[in-house]
Each structure stands twice: as structure tokens, then as C-alpha cells.
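Residue numbers in the sequence shown follow the numbering used here, run continuously in steps of one, and reach 246 at the last position. Note that beta-carbon positions come from the ideal geometry of N, C-alpha and C, so glycine has one too.
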Amino acid sequence: MVEANYWQYYLSFEEDVDRLFRYIEPAEYNFTVYSVELTRLYLAICSEIDVILKAYCKLLDEGSKPSNINEYAEMVVSSKKGLCSETVNFQRFGVSMTPFSEWKQSSTPTWWKKHNGVKHNRNVNFKDANLGNVLNAFAALYLLNLYYYQERRCIELQEQGFSESLEETAASLKSRLDVLRIDSVWLSFMER
């Protein structure tokens, strides 16, 4: 069986987002900008979020069969409470986001709700495929990759009596462009 390499998918989106920054400055006053390209990115990134969330839930509980964002939240939020408070920085631009701050078992993040609107009724919700929602989704995908790979590595190391911190996981996942950092990891690197 071929391993799904979620980080490789993230890196492909990182290149797309970095290229996008050549045309749209990632500044709050541009968060309402929308386009066909932003729609394509938004739908693709959120699709990958769905894929990695399913895999993450399986990692947390092999017998689980979650099928929607509320069921993912039930598993992920309850076991990884820190995820909802993680802030991600687009370092070169001074923009920060906390994409899961609204995520609770009965409440989904606004950017996810807007994604569903775009996915199911694009002609009415086209404007919701905007830069702000794309960047929140992209930041969420970054966080999910960090948490997924940290969890996976901890499971592997557990047999040897070791664990791995989120900072160590972030350092081990190589980014070609280094577009994002999470606050806790960035602060840890700065203190060294």
C-alpha cells in the first residue's frame, strides 16, 4: 500500500499560495478579494483538509468512521485542545490567523461554512471564495499536517518510551518556501 503523503500536498498548495502573493498582497484590506483562482484553491485546500481530518481521526482511533466536520471535531478537538488556539503567521507579511478558534463539537469555523456554500452553490456564494477564507483554510491545512505528523511520530516512538514535540515535528517537515509558522514553534526557535 502506498502511503498518502499529506505534506507533499501541503507543499504544492504552499507554492500556489506563494505564487498568488505575487498578484494579491496578503493584507487584511484584501481579504474580500475573490476570483476563479481563489475559488480553485479554496475548494482544493478544503478537500485536502477533509482528507487529512479523516486520516487524523483514524490515527487517533483506528475504528472511527467520521464523515463530516462535526464528527471530526468530536474526535480531534477533544483530544487535541491546543489546536483550536494555535495561531499561524504568514511571516513575510505580518498576517496572523487562528483558523480553528471557532471549532467546537457543535460549531464549525466560518471559513469552513463558507467553503460549503461555495462548493454547493457557487453561483450564489462565489464572493466567499475570497483571500481571507483561502488563507484561513491554508493555515488550517498547515496546522493539521503538523498535528497529524506529530501524532504519527509519537505513536512510532511510544514503543521506545519517547515522544516528539510539535516544535520537533515542525522542524522535521521541510518547507521549500517557509511561508507559514505557528506562534508556539516560532517563539521556540527564537529562544534558541
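Quick one: residues in its chain with C-beta nearer than 8 Å to the C-beta of residue i, no 5 flanking neighbours on either side, listed in chain order?
{"i": "ASP70", "result": "LEU95"}
So, at 7 Å on beta carbons, what are the nonlocal neighbours of residue i in its own chain, with the 5 sequence-adjacent residues on each side left out?
{"i": "GLU218", "result": "GLN204, ARG207, CYS208 and LEU211"}
{"i": "ASN184", "result": "PHE85, THR86, VAL87, TYR88 and LEU92"}
{"i": "VAL226", "result": "Per the sequence shown, residue 226 should be read as Ser rather than Val. Same-chain partners within the cutoff: there are none."}
Ordered along the chain, which non-local residues of its own chain (more than five positions away) have a Cβ less than 6 Å from that of residue i?
{"i": "ASP182", "result": "LYS168, GLY171 and VAL172"}
{"i": "THR152", "result": "THR141"}
{"i": "ASN190", "result": "MET151, PRO153 and TRP165"}
{"i": "TYR60", "result": "ILE106 and ASN199"}
In whole angstroms, what separates the C-alpha of residue i from that of residue j?
{"i": "ASN122", "j": "GLU82", "result": "30 Å"}
{"i": "LEU241", "j": "THR141", "result": "Caution applies to LEU241, whose pLDDT of 39 falls short of 50 and renders its modelled position unreliable; the value that the coordinates give is listed next. Near 11 Å, if we compare the C-alpha coordinates of THR141 and LEU241."}
{"i": "ARG73", "j": "PRO80", "result": "11 Å"}
{"i": "TYR64", "j": "ASP232", "result": "12 Å"}
{"i": "VAL149", "j": "PRO120", "result": "32 Å"}
{"i": "GLN214", "j": "ILE78", "result": "47 Å"}
{"i": "CYS100", "j": "ILE106", "result": "10 Å"}
{"i": "GLU102", "j": "PHE147", "result": "25 Å"}
Can you tell me where the beta strand (DSSP E) holding residue i begins and where it ends?
{"i": "LEU234", "result": "234–236"}
Over the uninterrupted alpha helix (DSSP H) stretch that includes residue i, give me the two end residues.
{"i": "SER53", "result": "Here the chain has residues from 55 to 246 only, and residue 53 is not among them."}
{"i": "ALA81", "result": "No alpha helix (DSSP H) contains ALA81, which DSSP labels as neither H nor E."}
{"i": "LYS168", "result": "164–174"}
{"i": "GLU222", "result": "220–226"}
{"i": "GLU68", "result": "60–74"}
May I ask you to list the residues that DSSP assigns as paired with residue i?
{"i": "PHE144", "result": "VAL149 and LEU234"}
{"i": "ASN251", "result": "Only positions 55 to 246 of the chain appear in this structure, which leaves residue 251 out of reach."}
{"i": "LYS158", "result": "SER161"}
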